[in-house]
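Sequential numbering from 1 applies to the sequence shown in the UniProt record's numbering.
A virtual CB, placed ideally from N, CA and C, is assigned to each residue, including glycine.
Because the structure is a prediction, the values reported are computed rather than measured.
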Amino acid sequence: MRRWGVKLWCAFALVLGGAADHKTQSRNVDGQVRSVTIPVTVKTPTEALPSLAVFEDGEMQQILSIRGPIRSPMQLAILVQDDVASSISAELQSLARFIKDLPEGSRVMIGYLTAGTLQVRQRFTMDAERAAQALRVPIGTASAAPFNPYVQVIEALRRFDGLPTGRRAVIMISDGLDLSRGLDAASPTQSIDLERAIREAQRRAVAIYAIYAPTFGGAGLGGLRLINYGQGSLNRIAQETGGQAFFQGTGAPVSIEPFLREINAAFRRQLAITYLSTHPEKGSHRIELRANGIEMRYPPGYTR
Numbered sequence: 001m002r003r004w005g006v007k008l009w010c011a012f013a014l015v016l017g018g019a020a021d022h023k024t025q026s027r028n029v030d031g032q033v034r035s036v037t038i039p040v041t042v043k044t045p046t047e048a049l050p051s052l053a054v055f056e057d058g059e060m061q062q063i064l065s066i067r068g069p070i071r072s073p074m075q076l077a078i079l080v081q082d083d084v085a086s087s088i089s090a091e092l093q094s095l096a097r098f099i100k101d102l103p104e105g106s107r108v109m110i111g112y113l114t115a116g117t118l119q120v121r122q123r124f125t126m127d128a129e130r131a132a133q134a135l136r137v138p139i140g141t142a143s144a145a146p147f148n149p150y151v152q153v154i155e156a157l158r159r160f161d162g163l164p165t166g167r168r169a170v171i172m173i174s175d176g177l178d179l180s181r182g183l184d185a186a187s188p189t190q191s192i193d194l195e196r197a198i199r200e201a202q203r204r205a206v207a208i209y210a211i212y213a214p215t216f217g218g219a220g221l222g223g224l225r226l227i228n229y230g231q232g233s234l235n236r237i238a239q240e241t242g243g244q245a246f247f248q249g250t251g252a253p254v255s256i257e258p259f260l261r262e263i264n265a266a267f268r269r270q271l272a273i274t275y276l277s278t279h280p281e282k283g284s285h286r287i288e289l290r291a292n293g294i295e296m297r298y299p300p301g302y303t304r
């Protein structure tokens with residue numbers, strides 16, 4: 001699940017073959033998926049490019065391209081659940097600074113997970129100032145709560161489709177709870193829409209970074225049980241997409257600034273690796289990366 005670091009730095013943008021231009025999974029004339037892109041986060045930067053091998057379903061695949069921070073800005077969606085605790089309102093300046101510190105040419109979308117819909121405050125833009133200004137204070141009431149944040153996460157993921165292939169991520173601030181089908185279906189292993197969101201993120205090579213924040217009405221409905229469900233769900237979607245989840249106990253974080261620093265460091269080491277898949281059939285496919293014992297963090301697979 002969670003794997004850390006290929007030592008790749010200045011050779012990140014090395015093109016090893018003809019890469020897909022616009023879609024994470026491109027198609028040949030027969031309509032079969034042939035190329036796949038995955039997000040890979042590395043731990044230690046280095047000047048050298050070690051031998052890197054990609055395996056899908058146990059078979060070595062041909063690497064087409066490696067895109068890194070030198071030539072590939074980020075494509076980032078920031079999603080805030082609209083009923084999070086009021087303390088998150090004090091974090092807008094931290095989020096704005098984070099956006100402005102992204103590599104030049106990065107595209108940013110701002111959205112709010114609210115009752116019934118995804119409210120897009122700013123579509124993907126390369127204007128960091130404009131994206132930062134689109135942030136607003138969450139409504140912070142139970143009436144603004146989505147019963148299921150993952151349906152709206154899926155909607156946000158689909159907005160990556162019009163962007164060129166590259167380094168992609170989502171930062172979601174949420175309680176992680178899917179209550180749309182009742183308490184028994186709210187666990188990380190039972191939520192249907194959590195599973196769907198994971199699959200959609202994997203297909204689009206989007207790493208999800210999740211920050212837990214309690215909400216008005218969420219944890220209060222089921223106490224510690226639902227807190228565990230929410231945090232477990234956020235942890236699962238992060239691990240299975242190559243991202244990371246952040247918690248500060250069971251309450252609201254004193255500050256998300258330390259989390260944003262970690263995410264910023266991860267972005268500086270994130271790659272988008274595109275390879276030629278020899279398994280065009282539908283279904284689940286396992287992914288393994290090897291680089292002479294160097295640790296990596298990446299999705300464990302994807303579903304066609």
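Non-local beta-carbon contacts of Asn264 in its own chain, meaning distances under 7 Å to residues more than five positions away in sequence, involve Phe98 and Asp101 in chain order. Rounded to the nearest whole angstrom, the CA to CA distance from Thr141 to Pro300 is 37 Å. For the set Met296, Leu177, Gln152 and Leu271, the Cα lying nearest the Cα of Thr37 is the one of Leu271.
Put simply, the backbone Cα of Arg236 is about 23 Å away from that of Ala115.
Boundaries of the beta strand (DSSP E) around Pro39: Ser35 to Thr41.
Under the Cβ criterion (8 Å, minimum of three pairs), the segment 126-143 does not count as touching the segment 151-158. The straight-line gap separating the alpha-carbon atoms of Ala252 and Phe55 is approximately 40 Å. The Cβ atoms of Leu289 and Tyr302 do not sit closer than 8 Å to each other. Here Glu104 is exposed. Its C-beta has fewer than 16 other C-beta atoms within 10 Å. Counting every other CB atom within 10 Å of its CB across the protein chains shown gives Thr241 a total of 16 or more, marking it as buried. Val254 counts as exposed, since fewer than 16 other beta carbons sit within 10 angstroms of its beta carbon.
Every beta strand (DSSP E) of 3 residues or more that sits fully in the segment 156-205 is shown, in chain order, as 167-174. The beta carbon of Gln75 sits closer than 6 Å to the beta carbons of Arg107, Leu163, Gly166 and Arg168 from its chain, once the five residues preceding and following it are set aside; these are given in chain order.
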